[in-house]
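Chemist: Start counting the sequence shown at 14; every next residue gets the next number (the working numbering). Below: one structure in structure tokens.
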Amino acid sequence: MPTHSSGVPCQDKGEASGGSFNYHGLMKKKLGFAFACLWMAAPWVLAQPTPPQSTAPAIPSSLMQDKAAQASAPLSALDSNLFYEVLVGEITAQEGEPSIGFSLLLDAARKTGDVQLYQRATEIALQARSGDAALQAALAWKKNVPASRDANRYVLQILIALNRIGDTLQPLKTELKMVPDADRSAAINALPRAYSRASDRKLASSVVEDALTDYLAQPAIGSVAWTTVGRLRLAAGDNVGALDAARRGQAIDARAEGPTVLALELMDPKMPQAEALAQKYLDDQDSSVKALPEIRMIYARILLDAQRYAEATAQLQRVTQDQPDYPQAWLILGSLQLQENQLTLAQASLERYIALAQKAPKNQADTGLAQAYLSLSQLAEKRKDYAAAESWLSKIENSGDLAQAQTRRASILASQGKLEEGRSLIRQLPERTPEEARLKLNAEVGLLREFKQYRQAYDMLAQALVKTPDDTDLLYEQSMLTEKLGLLDEMERLLRRVIQLKPDYHHAYNALGYSLADRNIRLPEARELILKAVQFAPADPFIKDSLGWVEFRLGNKPEAARIFAAAYKARPDAEIAAHYGEVLWSLDQRDRALAIWKEGQLINPDNETLFETLKRFNIKP
Numbered sequence: 014m015p016t017h018s019s020g021v022p023c024q025d026k027g028e029a030s031g032g033s034f035n036y037h038g039l040m041k042k043k044l045g046f047a048f049a050c051l052w053m054a055a056p057w058v059l060a061q062p063t064p065p066q067s068t069a070p071a072i073p074s075s076l077m078q079d080k081a082a083q084a085s086a087p088l089s090a091l092d093s094n095l096f097y098e099v100l101v102g103e104i105t106a107q108e109g110e111p112s113i114g115f116s117l118l119l120d121a122a123r124k125t126g127d128v129q130l131y132q133r134a135t136e137i138a139l140q141a142r143s144g145d146a147a148l149q150a151a152l153a154w155k156k157n158v159p160a161s162r163d164a165n166r167y168v169l170q171i172l173i174a175l176n177r178i179g180d181t182l183q184p185l186k187t188e189l190k191m192v193p194d195a196d197r198s199a200a201i202n203a204l205p206r207a208y209s210r211a212s213d214r215k216l217a218s219s220v221v222e223d224a225l226t227d228y229l230a231q232p233a234i235g236s237v238a239w240t241t242v243g244r245l246r247l248a249a250g251d252n253v254g255a256l257d258a259a260r261r262g263q264a265i266d267a268r269a270e271g272p273t274v275l276a277l278e279l280m281d282p283k284m285p286q287a288e289a290l291a292q293k294y295l296d297d298q299d300s301s302v303k304a305l306p307e308i309r310m311i312y313a314r315i316l317l318d319a320q321r322y323a324e325a326t327a328q329l330q331r332v333t334q335d336q337p338d339y340p341q342a343w344l345i346l347g348s349l350q351l352q353e354n355q356l357t358l359a360q361a362s363l364e365r366y367i368a369l370a371q372k373a374p375k376n377q378a379d380t381g382l383a384q385a386y387l388s389l390s391q392l393a394e395k396r397k398d399y400a401a402a403e404s405w406l407s408k409i410e411n412s413g414d415l416a417q418a419q420t421r422r423a424s425i426l427a428s429q430g431k432l433e434e435g436r437s438l439i440r441q442l443p444e445r446t447p448e449e450a451r452l453k454l455n456a457e458v459g460l461l462r463e464f465k466q467y468r469q470a471y472d473m474l475a476q477a478l479v480k481t482p483d484d485t486d487l488l489y490e491q492s493m494l495t496e497k498l499g500l501l502d503e504m505e506r507l508l509r510r511v512i513q514l515k516p517d518y519h520h521a522y523n524a525l526g527y528s529l530a531d532r533n534i535r536l537p538e539a540r541e542l543i544l545k546a547v548q549f550a551p552a553d554p555f556i557k558d559s560l561g562w563v564e565f566r567l568g569n570k571p572e573a574a575r576i577f578a579a580a581y582k583a584r585p586d587a588e589i590a591a592h593y594g595e596v597l598w599s600l601d602q603r604d605r606a607l608a609i610w611k612e613g614q615l616i617n618p619d620n621e622t623l624f625e626t627l628k629r630f631n632i633k634p
């Protein structure tokens, strides 16, 4: 016997007995028609809502019978005429004339009051994508059997599908009253998805909020209700209202996850209150009640996107402490540690991830494992253990990651003085799509840059730009190579071209501003350019580094030191360390400067800026 996902079996009541007629049982035998018995994962979620028209997409059927409504409905006692009407209705519906079948079945339903006939008439209309007819049948069903939750749900869903959002208020209120107490929280939580395709999102937000009025202050469910209100406000473009809803939800239940996730979605430098709400949940937990690791992971990813690496690392470390068997945290933490050149810690984290991932189902672990193997290969290459680097790459089985593996092999060969062999490996990669061609180009240019073959890399980009002269990414990459080649006028020309083509390309503003500041020329202009970059990416530690450098060049040493301190805290980096140390040295804080420079050397002993800085001050490594 088929079962719903809820575990409730689909009922088959068999043949008619006594004086009653069992419609479904007889139709199965006489017509060979197998009715679908599908339980909706969320009764609110419609397959394909459409704009208000006379037709609507089909909705999967059927819902589980409402036993209370079924008990109140009369059993179908069909005479021969009505039986014939039902039979013809089914046959015509199946033979491609759903409108006739619908009319016959709806007529029979009205004459008998049979809820199964009402449901079948409604479903035939839906299958024919006739929203108006389906609504007619569902409304007749609801009128005949007012206590039927199924009828009310059909009405609600069809109205949403027809985009008649204003008409959904009463059926929505009815559904919320009729849903069992144990299921009400899930039903409220599903509302944003149900109304997600409403054309008037402000109206949808208003209707749902009105329907939830009685639940917003309830201790057991108020937090969920406010989260739903907030999500619909967010969908309607009301970020301030969404934040207020998150705050109200958290005030009702400080341990609720919903308001926190909503606050994280609202995180923005212009709305710091959102992050404060999230931090309240993450930081104010009792020792016995830990924050969900999934929420910390969301927060960590947001911090990474904002280039707040130190804070992201702290969140990942907290996840690994609170839940040591949470694999994804170890993978991202290990990648960050590798980026920061903390090789021993990175290896331990990545190997921990591999041990956990190998216990998971294969399809869940493949992508992460490939990334871990690539990272460990890079780590081994940094240690000049090329055999181990190749060994890690040989473990990659996922075909989608083979291009990255091949690129990594090319780097290993180049590290051993076999640059051309490495380039040959990259050139052997497939080039079936423009995306693959671009990946190959980026990989080879990146390899040449890594091994300081700047002219060859520049020439490759120049050839590519002949085909796509307005490609801002390629122009920017070429400008970075001109800087390495000492072609500073050409660098400025290229960067201004990037800005002209894409005025929000903040890296171009930053690079040009820093170039001017580093040469100690046109400093007011340099500062203006960097401040423009700050507007687009206020949390970027490297842009802060540029701003600190131009302030230092302008003679604003204390302000420069403050900016560098924040940048270095957010991202301990060798180049930032070089600049920060120089500012501290100029302020006679020489012990602190030496300490920062030493840290920078530990992070990346090969950094050119740091090397040149130490050489200028006659500081021996």
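A virtual CB, placed ideally from N, CA and C, is assigned to each residue, including glycine.
Beta-carbon separation of A249 and K215 under 8 Å?
Modeler: For A249 and K215, yes; Cβs fall inside 8 Å.
Chemist: Identify the continuous alpha helix (DSSP H) that holds F555 and give its terminal residues.
Modeler: Element bounds for F555: P554 to R566.
Chemist: Closest to L185 by C-alpha separation, out of A150, E270, D223 and A138, would be which residue?
Modeler: If we check each option's Cα against that of L185, D223 comes out closest.
Chemist: Could you name each continuous alpha helix (DSSP H) segment of 4 residues or more that falls completely within the stretch 308-360, going from the start of the chain to the end?
Modeler: Correct list: 322-335 and 340-352.
Chemist: State the beta-bridge partners of M191 as determined by DSSP.
Modeler: In the DSSP output, where bridge partners are listed per residue, M191 has none listed.
Chemist: With DSSP run on the structure shown, which of helix, strand or coil describes M473?
Modeler: Three-state result, M473: helix.
Chemist: Opposite D281 in the DSSP bridges: which residues?
Modeler: Note: D281 sits in a beta bridge opposite M284.
Chemist: How big is the Cα-Cα spacing for K453 and L460?
Modeler: Taking the straight line joining both Cα atoms gives about 11 Å.
Chemist: G430 by DSSP, collapsed to three states: which one?
Modeler: Coil, per DSSP.
Chemist: Counting Cβ pairs closer than 8 Å, one from the stretch 127-134 and one from the stretch 151-162, do we hit at least three?
Modeler: With the cut-off at 8 Å, the stretch 127-134 and the stretch 151-162 touch.
Chemist: Please identify the residue among P585, A151 and D281 whose C-alpha is closest to the C-alpha of R123.
Modeler: Among P585, A151 and D281, the Cα nearest to that of R123 belongs to A151.
Chemist: Quick test of your reading: V547 and K570, contact by CB under 8 Å. State the CB separation rounded to the nearest angstrom.
Modeler: Not a contact, Cβ separation roughly 19 Å.
Chemist: Taking three-plus beta-carbon pairs below 8 Å as touching, is the stretch 392-406 in contact with the stretch 417-424?
Modeler: As far as the Cβ criterion goes, the stretch 392-406 touches the stretch 417-424, which means the pair count is three or higher.
Chemist: For G271, is the classification buried or exposed, using 16 other Cβ atoms within 10 angstroms of its Cβ as the cut-off for buried?
Modeler: Result: buried.
Chemist: Mapping the DSSP letters down to three states, classify A383 as helix, strand or coil.
Modeler: A383: helix per DSSP, three-state reduction.
Chemist: By the three-class DSSP mapping on this structure, what secondary structure does Y467 have?
Modeler: Correct three-state label for Y467: helix.
Chemist: Starting from R642, trace the alpha helix (DSSP H) both ways and give me its first and last residue.
Modeler: Only positions 14 to 634 of the chain appear in the structure, and residue 642 is not among them; the question remains open.
Chemist: Output yes or no for whether 8 Å exceeds the beta carbon distance between Y294 and Q341.
Modeler: No, they are not a contact pair.
Chemist: I need the straight-line Cα distance from E449 to G243, nearest angstrom please.
Modeler: One C-alpha to the other measures close to 41 Å.
Chemist: How would you write the range of the alpha helix (DSSP H) that D163 sits in, first residue to last?
Modeler: Start and end: R162 to A174.
Chemist: Since L351 and Q391 should fall inside the 8 Å C-beta cutoff, what is the C-beta to C-beta distance between them, to a whole number of angstroms?
Modeler: Indeed, because the Cβ distance is near 7 Å, the residues count as touching under 8 Å.
Chemist: Using beta-carbon positions only, say whether E394 and S428 come within less than 8 Å of one another.
Modeler: Yes, these two residues count as a Cβ contact at 8 Å.
Chemist: Would you grab the beta carbon distance between A478 and D472 for me? Rounded to a whole angstrom, and I think it's under 8 Å.
Modeler: Here residue 478 is Leu; the residue named in the question, Ala, does not match the sequence. Not really, about 11 Å apart at Cβ, beyond 8 Å.
Chemist: What residue does the alpha helix (DSSP H) around F624 start on, and which one ends it?
Modeler: First-last of the alpha helix (DSSP H) with F624: E621 to R629.
Chemist: What number of angstroms, rounded off, separates the C-alpha of V192 from the C-alpha of V221?
Modeler: Rounded to whole angstroms, V192 to V221 spans 16 Å at the Cα level.
Chemist: Could you tell me the alpha carbon to alpha carbon distance between I173 and I576, rounded to whole angstroms?
Modeler: Going by the C-alpha atoms only, they are around 52 Å apart.
Chemist: Check whether the Cβ atoms of A269 and L279 sit closer than 8 Å, and answer yes or no.
Modeler: No, the Cβ-Cβ distance between A269 and L279 is not below 8 Å.
Chemist: Looking only at C-alpha atoms, which of L500, R462, A524 and Q476 sits nearest to Y489?
Modeler: It is A524 whose Cα lies nearest to the Cα of Y489.
Chemist: Buried or exposed for S362, going by 16 or more other Cβ atoms inside 10 Å?
Modeler: S362 comes out buried.
Chemist: Could you check whether V332 and M310 sit closer than 8 Å to each other, using their CB atoms as the reference points?
Modeler: Cβ atoms of M310 and V332: closer than 8 Å.
Chemist: By a C-beta neighbour count over all protein chains shown, 10 Å radius and 16 as the cutoff for buried, is A233 buried or exposed?
Modeler: By the 10 Å Cβ count, A233 comes out exposed.
Chemist: Given a cut-off of 8 Å, decide if A579 and I616 are closer than it, judged by their beta-carbon atoms.
Modeler: It is not a contact, given that the beta carbons lie outside the stated cut-off.
Chemist: Could you name the residues of the same chain whose beta carbon sits closer than 8 Å to that of L387, not counting the 5 residues immediately before and after it, in chain order?
Modeler: Cβ within range, chain order: W405, L406, I409, D414, Q417, A418 and R421.
Chemist: What span of residues does the alpha helix (DSSP H) with Q548 cover, start to end?
Modeler: Start and end: L536 to F549.
Chemist: Measuring CB to CB, does H592 end up less than 8 Å from D619?
Modeler: Taking 8 Å as the Cβ cut-off, H592 and D619 do not qualify as a contacting pair.
Chemist: Would you call the CB atoms of A238 and L245 closer than 8 Å?
Modeler: Their beta carbons are not under 8 Å apart, which means A238 does not touch L245 by this criterion.
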